[in-house]
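Everything below concerns the one structure shown next.
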Amino acid sequence: MNKWALVTGGAKRIGEAIALTLHKRDFNLLLHYKGSKAEAMALADKLNQMRQGSCQTLQADLSTERGVESLVQHISTHRLPLSALINNASLFVPDNKASDWQTCQQLLNLNLLAPYHLATKLGDNLANNQGSVINLVDIHGDRPLKHHGLYSISKAGLKMATQALAQELAPKVRVNGISPGAILWPAQSDQDAIERVTRAIPLERPGKAKDIADAVSFILDSSYLNGQVIAIDGGRSATGYTGADG
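Take any residue in the sequence shown, note its place counting from 1, add 2, and you have its number in our numbering.
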């Protein structure tokens with residue numbers, strides 16, 4: 003079946019896990035990356051060896067209008083019938099590194115505006131294929147993470163965008179979200195913070211990238227699920243955490 007999925011930030015980490023899962027589900031993939039060219043090419047080669055012509059790659063900076071338009075144009079030019087849009091690309095930086103106006107704008111553009119515009123600009127294509135949009139939100143879209151206020155704001159906006167788009171793109175396109183908890187630790191995390199967060203999780207362990215990919219599969223299979231944001235966090239959001247513990 004000639005069905006395609008666009009995965010933004012799909013070259014590594016959670017994006018890679020989602021791409022691999024979708025490929026196993028017989029999706030062809032348009033794999034977006036910004037700076038991870040080597041990882042994207044290696045993953046594309048792997049997938050194309052499994053099924054010839056099943057993966058394309060495209061570099062784009064989605065914090066810019068030009069970057070968003072390049073993805074939309076590629077899909078139009080190559081006449082890719084889009085059945086799934088996975089908005090996974092994201093920028094995670096603390097407030098002290100997002101203090102200048104340019105970085106603030108980059109963060110909001112990438113985390114909020116790019117997913118929104120991709121969904122709306124690709125809406126007709128998705129509608130023609132009974133498609134689905136899945137936005138990667140964050141549990142800190144509900145409770146802000148200390149020292150990451152702007153990031154938390156961008157993810158709160160993405161949660162609202164998910165709910166708004168679920169109305170705007172219905173009935174032919176479903177829009178849902180996934181809010182990961184502690185899945186893959188940021189490179190700057192220290193051991194004390196990791197242990198502190200782990201103790202706050204009822205399951206007493208972090209999740210895996212596969213847990214998010216499995217949630218993507220669940221949403222794609224749930225034909226009456228729309229406008230929902232599912233927390234994949236080991237029960238952490240049920241504990242009333244403040245978000246101040248990292």
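For every residue, glycine included, the Cβ atom is placed at its ideal position computed from N, Cα and C.
Bridge partners of R201, per DSSP?
As DSSP reads the structure, R201 sits in no beta bridge.
Using the C-alpha atoms, what's the distance from S92 back to A184?
15 angstroms
Give the C-beta separation of L205 and G236 to the nearest angstrom, bearing in mind that I take them to be a contact with Cβ-Cβ under 8 angstroms.
Contact holds; Cβ gap of about 4 angstroms.
Which residue marks the beginning of the alpha helix (DSSP H) containing N50, and which one marks its end?
39-52
Sorted by chain position, which residues of the same chain lie with C-beta nearer than 6 angstroms to I20's C-beta, five sequence neighbours on each side aside?
V9, I88, A215, V218
Would V135 and V175 be called neighbours here (beta carbons separated by less than 8 angstroms)?
yes
A46 versus T122: straight-line alpha-carbon distance, rounded:
27 angstroms
Reduced DSSP category for P117 - H, G, I as helix; E, B as strand; rest coil
helix
Give me the Cα-Cα distance between R81 and G69, rounded to the nearest whole angstrom.
19 angstroms
Reducing DSSP to helix, strand and coil, say where N90 ends up.
coil
What does DSSP give as the partner residue(s) for P173 in the beta ladder?
Bridge partners of P173: none, in fact.
DSSP three-state call for A163: helix, strand or coil?
Reduced to three states, the DSSP call for A163 is helix.
Can you say whether R201 is buried or exposed, counting buried as having 16 or more other CB atoms within 10 angstroms of its CB?
exposed
Looking only at its chain, what residues have a beta carbon closer than 7 angstroms to the beta carbon of H34, apart from the 5 residues adjacent to it on each side?
L8, V9, T10, G11, G12, L60, A62, L73, A91
Output the distance between the C-alpha atoms of K39 and H149, rounded to the nearest integer angstrom.
Rounded to whole angstroms, K39 and H149 show a C-alpha spacing of 30 angstroms.
From which residue to which residue does the beta strand (DSSP E) around H34 run?
30-35
Less than 8 angstroms between the CB atoms is what I'm expecting for G179 and N137, so what's the real figure, rounded?
4 angstroms
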